[in-house]
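Right, one structure below, let's go through it.
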Amino acid sequence: MKHQPTKLVVEDLEEFELMVTNQNFILAKSIVEGILANIDTDEPEARLLAVTVKSESAVFDVTVPREDFAETLEQNLPHYVKEEQYEECQRIADTIEQLNKGKLSKMVTSLKSKL
């Protein structure tokens, strides 16, 4: 089953910006879950959030490109530590390690093909 982004409804953009500024755990959780759900897919990016802004009568998609998965997970790991979600912290850390190995492997593969 394909991952569905978290649906979030806010009154206006300021409310969403406040959630980002306050580092709302709902956002961090949506980001991490979206990335983890897309690790084993061929999708070029992960669609993480569908934010409905009532005052704009619009829906904004929040996505992250595959090449930024590891960095984005690293940025959101402290939120899981703060919430004492230690099992998920380990899962996130393992995924970061796996992604970083993958990048190294691609680089080595690229170098080998040039030799």
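Quick note, the sequence shown lines up with residues 0 to 114 if you use numbering that gives the first Met the number 0.
Note that the Cβ used here is the ideal one computed from N, Cα and C, for glycine as well.
Quick caveat, the model's predicted, so the values are computed rather than measured.
Residues of its chain near residue i, where Cβ-Cβ distance is below 8 angstroms and the 5 sequence neighbours each way are ignored
i, result
"P4", "S29, G33, R46, L47, L48, A49, D60 and V61"
"C88", "L76, Y79 and V80"
"T71", "I30, I34 and V63"
For residue i, three-class secondary structure by DSSP
i, result
"K100", "helix"
"T40", "coil"
"K53", "helix"
"P77", "helix"
"K28", "helix"
"D60", "strand"
"E82", "coil"
"Q89", "helix"
"E10", "coil"
7 angstroms Cβ shell around residue i - same chain, five flanking residues per side excluded
i, result
"L35", "T94"
"N192", "Any property of residue 192 remains undetermined from this structure, which presents the chain solely from 0 to 114."
Other residues of its chain near residue i: CB distance less than 6 angstroms, five sequence neighbours each side excluded
i, result
"N99", "A69"
"E82", "F24"
"G8", "The sequence given here has Val at residue 8, not Gly. So the list reads T51, once near-sequence residues are dropped."
"K6", "A49"
In DSSP terms, what residue i is bridged to
i, result
"A45", "V63"
"T5", "L48"
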